[in-house]
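Residue numbers (the working numbering), protein chains in the order written: chain A, 1 to 259; chain B, 260 to 518. Report on the following structure.
Number of protein chains: 2
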Amino acid sequence: MRLTIIGSGNVATHVAAALKNAGHHIIQVYSRDAHNAALLAYHVKAEPVNDLNDINADTGLFIIAVNDDAIESIAQALAVHNVPMVHTSGATPLSVLQKYSQNCGVFYPLQTFSKTREVDFRTVPLCLEASNDAVYPLITSLARDISNNVYDISSEQRKVLHLAAVFANNFPNYLYYAAQQIVEQHQMNFDMLRPLILETAQKVQQIPPQQAQTGPAVRDDQKTMAAHLALLPQNGDMHTLYELLSQLIIKMDIGKRRD
Amino acid sequence: MRLTIIGSGNVATHVAAALKNAGHHIIQVYSRDAHNAALLAYHVKAEPVNDLNDINADTGLFIIAVNDDAIESIAQALAVHNVPMVHTSGATPLSVLQKYSQNCGVFYPLQTFSKTREVDFRTVPLCLEASNDAVYPLITSLARDISNNVYDISSEQRKVLHLAAVFANNFPNYLYYAAQQIVEQHQMNFDMLRPLILETAQKVQQIPPQQAQTGPAVRDDQKTMAAHLALLPQNGDMHTLYELLSQLIIKMDIGKRRD
């Protein structure tokens, strides 16, 4: 299928590569930055464009993978071509596209992407929403070509999912940072914590988090928690964070466990 | 080397298995619970004992892998045999053993263990501390037999490491739980978040957490944060947690990033 990628960031890059690898023809890559357009276009053997006036209307789908703030103005500019369009954003409702297009949808990959890291796209959950029965089979078929985990998700659900992703990704990553600060302040290396971080995430691939919860808080081990708090500056951010998260873990009430 | 395992929990099980696989001879496994002693003893071809009076003194090392609260009384009971002893606890100083034994040390594996999950022990950081120059080479040699990541860590540092492990393991796992609650309250499945959780941990195996940080907070995207907060019950725990962690991420001050 002939496809057009709008955007050249992490999501655009990984989605374009996955679709190209699945045998689709990426005809153009648009970015307002000519250099970025050229880089991704080269990678997926497409024509780079950095002017929306140069967009080729002979395509099956516009895939808008740009910053949330830019989605609406791009959709408005592309509407003239009367080509189906999807965006890839977790935080943007379908209605933003529906203002300008009848044939539209959402193609949201629930994963964190970096240009420098390979991701096995077949494992990436793809959350789909379509404005009508014409767009639905089109994007479902595309989604199944690149992922084994395709879900129908409404705009309302996707908003919740995007919030949950903050708890599953952004916040744990911050805690890794906090752990790094703690060890480095005592002349130890973050490398020491890396296997633990990985195993923590691997455990919940198979078991529910409740069952994987260990540590002083879930045992309500006040002595260890007091010793930990004594190591963190009084009234400091880490002290507050430790207290709050420990209280929440105690409230989980999943019974006493051993480490 | 002839070794004796005191304890039959997760740490005892994994340490015993790793030492056995490295060619050491586990002569006895002690647990006050005869059934647990028998299970682990069978697994590592040792004699099970559930009475400290049955401990065989013809051994090279007592490895005390029991609950923190029980370490001291066990050490006191074993001291009569005049055999070197180590404990495996992150939260217990060496001094607890030194009260009863001159030849003692710490053999702390910095990893989360479950009996039902295989862990590649060669990747597990092993944190060592020894009371003297006789014990040091003994436990260093044992540690290197089973792990590629052997560190000399003082009791003071180990306390800090144990705290950091709470930030790297217990707290992220709680956030996985919170994310699960959020999606399940909206008829979605935790499976959708599992690939994201795994990739988040895999990313920081190679890059520092600062560089991996994404999401609305690090972009100081107030609009998205407000939309997220509107989904969480006012004055509820998740609301408080979201606000605190977002504020801390904003303070990271690592520059604006794109998702």
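Positions of the beta carbon are idealized from the N, C-alpha and C atoms, including for glycine. Fair warning: this is a prediction, and the values are worked out from it, not measured in the lab.
#1: Tell me the DSSP bridge mates of Pro307 (chain B)?
#2: Would you call the segment 493 to 507 of chain B in contact with the segment 447 to 458 of chain B, where contact means no fewer than 3 C-beta pairs closer than 8 Å?
#3: In the DSSP output, which residue or residues are listed as bridge partners for Asn295 (chain B)?
#4: Give the secondary structure of Tyr501 (chain B) by DSSP, where H, G and I count as helix, E and B as strand, and everything else as coil.
#5: Please name the residues in the segment 139 to 172 of chain A whose beta-carbon is closer than 7 Å to at least one beta-carbon of chain B, in chain order.
#6: Should Gly319 (chain B) be flagged as near chain A, meaning a C-beta pair shorter than 9 Å?
#7: I'd like to check one pair, Ala12 (chain A) with Val66 (chain A): are the Cβ atoms closer than 9 Å?
#8: May I have a chain-ordered list of the beta strand (DSSP E) segments no shorter than 3 residues that lie completely inside the segment 296 to 384 of chain B?
#9: Which whole-angstrom value is the C-beta distance of Val135 (chain A) and Arg144 (chain A), which I expect to be below 8 Å?
#10: Assuming Glu199 (chain A) and Val345 (chain B) make a contact with CB atoms under 8 Å, what is their CB distance in whole Å?
#11: Opposite Thr152 (chain A) in the DSSP bridges: which residues?
#12: What is the rounded straight-line gap between the Cα of Leu161 (chain A) and the Cα of Ser155 (chain A)?
#13: Are the segment 99 to 114 of chain A and the segment 71 to 89 of chain A touching, with three or more C-beta to C-beta distances below 8 Å?
#14: Taking C-beta pairs closer than 8 Å, name the residues in chain A that Arg453 (chain B) reaches, listed in chain order.
#15: Under 9 Å, Cβ to Cβ, is there at least one residue of chain A near Glu388 (chain B)?
#16: Pull up the DSSP beta-bridge partners for Thr4 (chain A), would you.
#17: Which residue wins for smallest C-alpha separation from Glu129 (chain A), given the options A:Lys159, A:Glu72 and A:Ala41?
#18: Quick one: grab the DSSP three-state call for Thr224 (chain A).
#19: Where Leu298 (chain B) and Val288 (chain B) are concerned, what is the direct C-alpha to C-alpha distance, given to the nearest angstrom?
#20: Answer with buried or exposed for Tyr42 (chain A), where buried requires no fewer than 16 other C-beta atoms within 10 angstroms of its C-beta.
#21: Quick check: what's the CA-CA separation for Ile63 (chain A) versus Met484 (chain B)?
#22: Strictly under 9 Å for the Cβ-Cβ distance: is Lys358 (chain B) near chain A by that measure?
#23: Near Ile6 (chain A), what residues of its chain come up, given a Cβ to Cβ distance below 7 Å and the 5 sequence neighbours on each side ignored?
#24: Could you pull out every residue in the same chain whose Cβ sits closer than 7 Å to the Cβ of Gln76 (chain A), ignoring the five residues on either side in sequence?
#25: Determine the burial state of Arg517 (chain B): buried for a count of at least 16 other Cβ atoms within 10 Å of its Cβ, exposed for fewer.
#26: So which residues of chain A does Thr272 (chain B) contact, with C-beta pairs closer than 8 Å?
#27: Could you give the distance in angstroms between the alpha-carbon of Val477 (chain B) and the alpha-carbon of Met511 (chain B)?
#28: Establish whether the CB of Lys251 (chain A) and some CB of chain B are separated by less than 9 Å.
#29: Given that Arg261 (chain B) touches chain A, what residues does it touch there, using C-beta distances under 8 Å?
#30: Contact defined as beta carbons within less than 8 Å: I believe Ala16 (chain A) pairs with Val44 (chain A). What is the distance between those atoms, to the nearest angstrom?
#31: Determine whether the beta carbon atoms of Ala424 (chain B) and Ala168 (chain A) lie at a separation below 9 Å.
#32: By the three-class DSSP mapping on this structure, what secondary structure does Met192 (chain A) have?
#33: Between the Cα of Pro467 (chain B) and those of A:Arg194, A:Thr214, A:Gln205 and A:Ile146, spot the shortest distance and give me the residue it belongs to.
#34: Under three-state DSSP, which class holds Asp392 (chain B)?
#35: Cβ of Leu227 (chain A) within 9 Å of Cβ of Ala350 (chain B)?
#36: Do Thr112 (chain A) and Lys462 (chain B) have their C-beta atoms within less than 9 Å of each other?
Once the coordinates are examined:
#1: B:Val288
#2: no
#3: The partner list for Asn295 (chain B) (beta bridge, DSSP) is empty, contrary to what the question assumes.
#4: helix
#5: Tyr151, Gln157, Lys159, Val160, Leu161, Leu163, Ala164, Ala165, Val166, Phe167, Ala168, Asn169, Asn170, Phe171 and Pro172
#6: no
#7: yes
#8: 306 to 308, 320 to 323, 344 to 346 and 363 to 368
#9: Contact doesn't hold; Cβ gap of about 15 Å is too wide.
#10: Actually they do not touch by this definition, with Cβ atoms about 23 Å apart.
#11: The question names Thr, but residue 152 (chain A) in the sequence shown is Asp. According to DSSP, which records beta bridges pairwise, Asp152 (chain A) is partnered with A:Leu128.
#12: 10 Å
#13: yes
#14: Val204 and Gln205
#15: no
#16: A:Gln28 and A:Phe62
#17: A:Lys159
#18: helix
#19: 9 Å
#20: exposed
#21: 25 Å
#22: no
#23: Tyr30, Phe62, Ile63, Ile64, Ala65, Val66 and Ile74
#24: Tyr100
#25: Interpretation of Arg517 (chain B) is limited by its pLDDT of 41, a score under 50 that renders its predicted location unreliable; the figure taken from the coordinates is listed afterwards. The residue is exposed, with fewer than 16 neighbouring Cβ atoms inside 10 Å.
#26: Within chain A, no residue comes near Thr272 (chain B); the closest Cβ sits about 11 Å away, beyond 8 Å.
#27: 8 Å
#28: yes
#29: Those do not exist, as Arg261 (chain B) stays about 27 Å from chain A at its closest Cβ, beyond 8 Å.
#30: 5 Å
#31: no
#32: helix
#33: A:Arg194
#34: coil
#35: At residue 227 (chain A) the sequence reads Ala, which differs from the Leu that was named. Yes. Within cutoff.
#36: yes
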